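The sequence shown begins at 964 in the numbering used here and counts up one residue at a time. Backbone N, C-alpha and C fix where the C-beta goes; we use that ideal spot for every residue, glycine too. All values derive from a computational prediction rather than experimental measurement. To keep things clear, I will list the structure first and then write my remarks on it.
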Amino acid sequence: MVATPLKPEKNQTEKRLTIQTEQINEDTTTIRSLDWDRDRFDIEFGLQNGTTYNSYIIRGEKIALVDTSHAKFRQLYLDALTGEIDPTTIDYIIVSHTEPDHSGLIADVLKLAPQAVIVGAKVAIKFLKDLVHDPFEFIQVKSGDRLDLGKGHDLEFVSAPNLHWPDTIFTYDPKTLTLFTCDAFGLHYCSAATYDDDLKAITPDYRFYYECLMAPNARSVLSAMKRIDKLDSEITLVANGHGPLLKHNTKELMEWYREWSEAQTKGDKTAAVFYVSDYGYSDRISQAIAKGITKAGVAVEMVDLKVADPQDVHEIVGRAAGLVIGMPPLDSAYNDELSKAVGTILAASKDKQVFGMFESYGGNDEPIDPLLMKFRDTGLTTAFDSIRVKTEPDEALYQLCEESGTDLGQLLTQKEKLKARKSLDSDLDKAMGRISGGLYILTAQKGDVKGAMVASWVTQASFEPPGFTVAVAKDRAIESLMQVGDRFVLNILEEGKYQGLMKHFLKRFPPGADRFEGVNVQMAKNGSPILGEALAYLECEVMSRMEASDHWIVYSKVETGRVSNQEGLTAVHHRKVGNYY
Ligand code: FEO
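Next up, the structure:
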């Protein structure tokens, strides 16, 4: 094993990129590109633990390379690859999907290995033809197709579209019982550990990654799991594209995908997010909106209009309660196909549906406005103001997208929630209502993104370290800022003096709105706002989260705190029933 044994010091100024190679199975070697400082501008990098890009060499009588690496690792990766193998002996390059973090070096590898045949899904081959300018040999594969490398490595392919890219395939090696999955079953977690030795340490990142990238594609996850179930033998190793490989908890971690996806799709309402993949910001924007929708408990179907079949688009619109359409600029190369696809969506849409739109890099021509009018004329309800992206998206824009998605999801579920509220006014609910709590406001800030939420389900949970739990509804915007390792402030409100703050923070804020405008705040040491009118505040760090149906129970340790009025008492929240706040 050639490895970086220790995590480099965090205060190094240069970006820390290292390479690790290790034999993981008979005839199989991984080359892992360790990206210790991956920026968190992509929505799924919220936990700030860096990431890895995992590539594999399978040596049968023939040799296959599974995926490459991010272009930022060009020299490091090519040196590691040529240190392991003579590139002129590579027979196949299997492309699990074409996002640049795995395919960014394919053109470079092909220069060293011009004889290699590219193996991938039809859509992947199409994209690579645009990416790699020189001609190359290729084999298109789909579920059930095989590629025999010899020595027992009779590889079988599994189509896994939308996990999380339309062109995703998995590769199964029956000799080593290994499933190569690229993004699926991965996590953004960079450490020198090749495998999932420390389940507790990786669980929050594994879950967060699922929520950002896979939950919006939960139906596709379940379809892929069914295809995996049909493979002849057991899977003992998941050779993923990001983070530690799943070796010690393989079955458990795979089953979590099934459980989470079943929970995600159990509601009867779905929303369809139509977008045009550009292998960049349009995808991220649509993912952020989709993540927001899933937070409200509504299942999402992601549809890339570049590759979608018109009949499928028609059916998806027919069964969706909500529609989101992302438009590329007018000069997009896909304008003709796109206008046909949008025509299909419009023709299949119904007046009871809700919808929202976003536009990436529009100029002054505003191509979405006429379309917006057409959907309104059909009788659809607008769920959020159209999102117009003019410059490179930042964290605040992704937050706006997520909150817009949640607004759409809540619009779809609000009727059921009101109905449930009325029908449950029973003795049980009256008794539950006698559980009382205090009144608090959680405040958090990460970069340019700020959030606040009124809370009353707060209780001390430990002495050493001083800690408490707070229940946060899954569809709350601030939930995204309260992942493990995040810091926030708990503001404790004072009896008789809380009405002003409550009135302000109980307002319904439009997506992306500054919750603190007009409020007296100062910044805590941990970077989150402290409310000037609060009786006391605690600066906290999230230690763990427990899923409790429609809420997250967030356990946090307290780092510091202060009381502003020694005589003041905490405001108490009395309720009549327990089936809403
Ligand atoms: Fe890790 Fe979808 O690329």
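Nearest-angstrom Cα separation, counted from residue j out to residue i
| i | j | result |
| --- | --- | --- |
| P1137 | I1198 | 9 Å |
| Q1462 | L1405 | 16 Å |
| K1393 | S1399 | 12 Å |
| L997 | G1448 | 21 Å |
| L934 | D1513 | It is not possible to answer for residue 934, since the shown part of the chain is limited to 964 through 1544. |
| T991 | F1120 | 17 Å |
| K1476 | F1321 | In the sequence as presented, Lys is not what sits at residue 1476; that position holds Ala. Approximately 17 Å, taken between the alpha carbons. |
| D1411 | Q1362 | 10 Å |
| E1062 | E1522 | 40 Å |
| F1451 | D1267 | 37 Å |
| G1179 | L1150 | The sequence given here places Pro at residue 1179; Gly does not occur at that position. Looking at the two C-alpha atoms, the distance is approximately 16 Å. |
| R1022 | L1112 | 8 Å |
| Y1019 | T1045 | 13 Å |
| I1102 | F1133 | 15 Å |
| A1487 | S1302 | 50 Å |
| I987 | T1139 | 10 Å |
| A1534 | T1233 | 40 Å |
| I1056 | L1068 | 11 Å |
| E1225 | M1217 | 13 Å |
| D1064 | K1520 | 36 Å |
| A1499 | I1331 | 48 Å |
| E1365 | M1465 | 24 Å |
| G1490 | D1093 | 44 Å |
| L1444 | E1358 | 12 Å |
| V1482 | H1537 | 25 Å |
| Q1446 | R1525 | 24 Å |
| E1047 | P1167 | 34 Å |
| E1510 | Y1403 | 21 Å |
| S1032 | K1353 | 30 Å |
| L1286 | I1191 | 30 Å |
| Y1518 | F1479 | 25 Å |
Local Cβ density within 10 Å of residue i, reported as buried at 16 or more and exposed below that
| i | result |
| --- | --- |
| D1299 | exposed |
| G1495 | exposed |
| Q1038 | exposed |
| D1049 | exposed |
| T1131 | buried |
| F1090 | buried |
| K1254 | buried |
| Q983 | buried |
| Y1544 | exposed |
| V1317 | buried |
| Q1529 | exposed |
| A1310 | exposed |
| A1027 | buried |
| A1383 | exposed |
| Q1373 | buried |
| K1078 | Looking at the sequence provided, one finds Gln at residue 1078 rather than Lys. Exposed is the call here. |
| P1492 | buried |
| Q1485 | exposed |
| D1438 | buried |
| E1174 | buried |
Cβ distance (whole Å) where residue i is taken to contact residue j below 8 Å
| i | j | result |
| --- | --- | --- |
| F1338 | S1312 | 7 Å |
| V1095 | A1070 | 5 Å |
| Y1135 | L1118 | 7 Å |
| I1288 | F1237 | 5 Å |
| V1280 | I1308 | 5 Å |
| D1370 | A1346 | 6 Å |
| I1516 | A1434 | 6 Å |
| T1344 | A1259 | That belief does not hold up - the Cβ atoms of T1344 and A1259 are roughly 15 Å apart, past 8 Å. |
| R1456 | A1497 | One detail in the question is off: residue 1456 reads as Leu in this sequence, not Arg. Right, their Cβ atoms sit about 6 Å apart. |
| A1283 | A1251 | Not quite, the Cβ-Cβ distance comes to about 19 Å (not below 8 Å), so this is no contact. |
Beta carbon proximity, residue i to chain B, threshold 8 Å
| i | result |
| --- | --- |
| A1187 | Chain labels in this structure do not include chain B; a single protein chain is all it has. |
Could you say if the stretch 1179-1188 and the stretch 1220-1235 meet the contact criterion of at least three C-beta pairs nearer than 8 Å?
yes
Between the stretch 1232-1243 and the stretch 1150-1159, can you find at least three pairs of beta-carbon atoms closer than 8 Å?
no
Only counting runs of 4 or more residues, tell me where the alpha helix (DSSP H) segments fall wholly within the stretch 1143-1210, in order along the chain.
1162-1172 and 1181-1192
Are at least three pairs of beta-carbons, each pair with one atom in the stretch 1071-1087 and one in the stretch 1118-1133, less than 8 Å apart?
yes
With a cut-off of 8 Å, do at least 3 Cβ pairs link the stretch 1247-1259 to the stretch 1270-1281?
no
Just checking, does the stretch 1411-1419 make contact with the stretch 1498-1507 on the three C-beta pairs under 8 Å criterion?
no
Decide if the stretch 1129-1146 is in contact with the stretch 1200-1218; the criterion is three or more beta carbon pairs, one per stretch, under 8 Å apart.
yes
Would you mind listing the beta strand (DSSP E) stretches within the stretch 1218-1261 that are 3+ residues and don't spill past its ends, in chain order?
1233-1238
Kindly provide the ranges of any alpha helix (DSSP H) runs that are 4 or more residues long and lie completely inside the stretch 1444-1493, ordered along the chain.
1462-1468
List in chain order: all unbroken beta strand (DSSP E) runs of 3+ residues lying wholly within the stretch 996-1059.
1014-1022, 1026-1029 and 1055-1057
Within the stretch 1067-1150, ranges of the beta strand (DSSP E) (whole runs, at least 3 residues)
1080-1083, 1101-1103, 1109-1111, 1117-1122, 1132-1136 and 1141-1145
Unbroken alpha helix (DSSP H) runs of length 4 or more, entirely within the stretch 1312-1364: which are they?
1331-1340
Give the list of continuous alpha helix (DSSP H) stretches no shorter than 4 residues that lie fully inside the stretch 1374-1419.
1390-1395
Residue list, Cβ distance to the ligand FMN heavy atoms smaller than 5 Å:
Ligands in the displayed structure: the ligand FEO; the ligand FMN is not one of them.
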